[in-house]
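In full-length UniProt numbering, the protein residues as written are 1 to 126.
Here a beta-carbon is modelled for each residue, glycine too, at the ideal position from N, C-alpha and C.
The structure appears below as structure tokens.
Take a look at the structure:
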């Protein structure tokens, strides 16, 4: 089993080519709908190619167990979305930050440990 975190791609490829989080950055920035950016909801974003490559390597190695494929840096959803917005030239048009008080329940801090993944030397970007 492979668990991953927020996925990010290579940029503005049109709505069908963006991850869910990237679309959430582009929609409010274009004025399509407001989106609040949470400053206390932390994940470890990872490029979409990394879990895809890890899945192929693990399938070929016939390994069992739980593998975490997440980025090395823990970012709040606000920080992550600001990075995506800056990359795509949208930083000045985003809606302000807030805490995730009235949102769906769930953990605020999700940091996937990747010791097992690193032990089999899977290529995950730092």
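Collapsing the DSSP output to three states places residue 84 in a helix. If you ignore the 5 residues before and after residue 58, its C-beta comes within less than 7 Å of the C-beta of 2, 67, all in its own chain and listed in chain order.
Taking every protein chain shown into account, the CB of residue 37 has 16 or more other CB atoms within 10 angstroms, so this residue is buried. Counting only runs of at least 4 residues, the stretch 38-74 fully encloses the following alpha helix (DSSP H) elements, listed from N- to C-terminal order: 49-61.
Residue 21 carries a helical assignment under DSSP once its states are collapsed to helix, strand and coil. Note on geometry: alpha-carbon atoms of residue 19 and residue 8 lie some 6 Å from one another. Using a Cβ distance threshold of 8 Å, residue 10 and residue 99 do not count as a contacting pair. Straight through space, the alpha carbons of residue 44 and residue 72 are spaced by roughly 7 Å.
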